[in-house]
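Have a look at the structure below, then the notes.
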Amino acid sequence: MKLTLIVKKGKNGYLIGQIKEIPAVFTQGLTIEELKENIEDALEMYLEDVRENYKPDGEMLQEEELTFV
2 MKLTLIVKKG KNGYLIGQIK EIPAVFTQGL TIEELKENIE DALEMYLEDV RENYKPDGEM
62 LQEEELTFV
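For the sequence shown, the positions run 2 to 70 when this note's numbering is used.
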């Protein structure tokens with residue numbers, strides 16, 4: 002799966018990062034390396050939360066695993 006990291010300049014020397022395709026996933030870091038580590042952690046926590054709390058509306062017809070390249 003390919004995702005786009007948007008990096009903006011924040012306050013006090015911090016960089017702000019956000020996943021373009023999933024705007025709810027964002028974090029900060031003092032360096033690009035730290036920001037990338039933090040955004041991976043934030044994405045992991047977001048996906049874990051979605052898996053644990055997702056409650057589909059209506060009757061499920063199919064479940065299929067997809068791989069994005």
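Yeah, the Cβ is synthetic: ideal placement off N, Cα and C, and Gly gets one too. Only a predicted model underlies this, so the values are computations on that prediction, with no experimental measurement involved.
Look at the Cβ atom of residue i, then the Cβ atom of residue j, and state whether they are nearer than 8 angstroms.
| i | j | result |
| --- | --- | --- |
| I33 | L44 | no |
| L26 | Y55 | Note that residue 26 is Val in the sequence shown here, rather than Leu. Not a contact, by the Cβ cut-off of 8 angstroms. |
Since residue i is in the beta strand (DSSP E), which residue starts that stretch and which ends it?
| i | result |
| --- | --- |
| K10 | L6 to K10 |
Pull up the DSSP beta-bridge partners for residue i, would you.
| i | result |
| --- | --- |
| L67 | Answer is none; L67 lacks a bridge partner. |
Any chance you could list the alpha helix (DSSP H) runs of at least 4 consecutive residues sitting entirely within the stretch 19-63, in chain order? 33-54
May I ask you to verify whether the stretch 34-42 touches the stretch 3-16, counting CB pairs closer than 8 angstroms and requiring at least 3? yes
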